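Engineer: The opening residue of the sequence shown carries number 1 in my numbering; numbering runs sequentially from there.
Even glycine gets a Cβ: it sits at the ideal position worked out from N, Cα and C.
Predicted, not measured: the structure shown is a model, and the values here were computed from it.
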Amino acid sequence: MPEETKPKVEEIKKPVITRELKKTEDNEYTLKIDDTTNRHYTTVILKKDKLREIYLQLVTHKVGVLNNLNNVKSQLKKIDVEDSPELRKLMIDVKKLEQLNKKMELENQLSSLENELNKSLSEMKEITNVMPELLRSKK
Numbered sequence: 001m002p003e004e005t006k007p008k009v010e011e012i013k014k015p016v017i018t019r020e021l022k023k024t025e026d027n028e029y030t031l032k033i034d035d036t037t038n039r040h041y042t043t044v045i046l047k048k049d050k051l052r053e054i055y056l057q058l059v060t061h062k063v064g065v066l067n068n069l070n071n072v073k074s075q076l077k078k079i080d081v082e083d084s085p086e087l088r089k090l091m092i093d094v095k096k097l098e099q100l101n102k103k104m105e106l107e108n109q110l111s112s113l114e115n116e117l118n119k120s121l122s123e124m125k126e127i128t129n130v131m132p133e134l135l136r137s138k139k
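#1: Just how far apart, CA to CA, sit valine 23 and glutamate 98?
#2: Shortest alpha-carbon distance to asparagine 101 belongs to which of Lys119, Leu113, Ile79?
#3: At a cut of 8 Å, does the region 50 to 59 reach the region 100 to 117 through at least three beta carbon pairs?
#4: The alpha helix (DSSP H) spanning lysine 73 covers which residue range?
#5: What does the Cβ neighbour count give for valine 130, buried or exposed, with the cut at 16 atoms within 10 Å?
#6: How would you label serine 122, buried or exposed, when you count the other beta carbons within 10 angstroms and need 16 or more for buried?
#7: Can you round the beta-carbon distance between valine 72 and leucine 113 to whole angstroms, since I take them to be within the 8 Å contact cut?
#8: Please report the distance separating the alpha-carbon of valine 63 from that of serine 84.
#9: If we call anything under 8 Å between Cβ atoms a contact, is leucine 110 one with leucine 76?
#10: In whole angstroms, give me the CA-to-CA distance for asparagine 68 and lysine 95.
#11: Once the 5 residues before and after methionine 124 are set aside, which same chain residues still bring their CB inside 6 Å of it?
#12: Alpha carbon to alpha carbon, what distance is there between isoleucine 127 and aspartate 34?
#13: Comparing C-alpha positions only, which one of Asp26, Lys32, Val65 sits nearest to threonine 18?
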């Protein structure tokens with residue numbers, strides 16, 4: 001009688017995961033996670049007080065950026081000069097050239113302030129996503 005052959009089943013080994021938590025500063029820890037597949041994950045963990053401090057700094061910074069943004073926008077509205085090659089060729093009045101240069105500088109400043117505001121808002125959103133109770137609790 002022929003022997004029944006059983007299909008060979010290989011055991012699937014689960015990766016061994018090691019976790020290491022180190023205190024790097026007063027309010028900061030580093031968590032390192034390794035597994036046997038040579039993947040490494042490292043993240044920084046901040047205490048709630050440190051997150052609150054960073055969040056409040058970002059809020060203050062956001063208010064300053066918004067004020068600068070509004071100032072630049074109001075200055076841009078006051079300047080009424082369009083940039084065109086014909087205007088530059090025919091322009092005799094130096095004041096208009098100065099206004100044009102000022103307008104371009106203000107537009108560049110406006111763009112940089114908008115980028116800075118977006119960066120601050122995204123950092124605030126990250127902190128809010130990590131610790132939503134940060135906004136609810138008041139100290």
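Structural biologist: In terms of the structure at hand:
#1: For the purposes of this step, residue 23 is identified with residue 23 of the sequence shown, where counting begins at 1. For the purposes of this step, residue 98 is identified with residue 98 of the sequence shown, where counting begins at 1. Checking the displayed sequence, the identity of residue 23 turns out to be lysine instead of valine. C-alpha separation (whole angstroms): 56 Å.
#2: The count along the sequence shown starts at 1 and reaches residue 101 at position 101. Taking only the C-alpha atoms, the option nearest asparagine 101 is Ile79.
#3: no
#4: In the sequence shown, counting from the first residue as 1, residue 73 sits at position 73. Where lysine 73 is concerned, the enclosing alpha helix (DSSP H) stretches over 48 to 78.
#5: Indexing the sequence shown from 1 puts residue 130 at position 130. Per the 10 Å Cβ criterion, exposed.
#6: Within the sequence shown, the letter at position 122 stands for residue 122. It counts as exposed.
#7: The count along the sequence shown starts at 1 and reaches residue 72 at position 72. The count along the sequence shown starts at 1 and reaches residue 113 at position 113. Contact check for valine 72 and leucine 113: beta-carbon distance about 6 Å, within the 8 Å limit, so the pair qualifies.
#8: By one-based count along the sequence shown, residue 63 stands at place 63. By one-based count along the sequence shown, residue 84 stands at place 84. Each residue's Cα considered, the two are about 35 Å apart.
#9: Here residue 110 is taken as the residue at index 110 of the sequence shown, counted from 1. Here residue 76 is taken as the residue at index 76 of the sequence shown, counted from 1. It is a contact, given that the beta carbons lie within the stated cut-off.
#10: Taking the first residue of the sequence shown as position 1, residue 68 is located at position 68. Taking the first residue of the sequence shown as position 1, residue 95 is located at position 95. One Cα belongs to asparagine 68, the other to lysine 95, and the distance between them is close to 25 Å.
#11: The residue given as residue 124 occupies position 124 in the sequence shown. Here the set comprises Leu58.
#12: Looking up residue 34 in the sequence shown gives position 34. Looking up residue 127 in the sequence shown gives position 127. Whole-angstrom Cα-Cα distance: 25 Å.
#13: Here residue 18 corresponds to residue number 18 of the sequence shown, with the count starting at 1. Of the candidates Asp26, Lys32, Val65, the residue whose Cα lies closest to the Cα of threonine 18 is Lys32.
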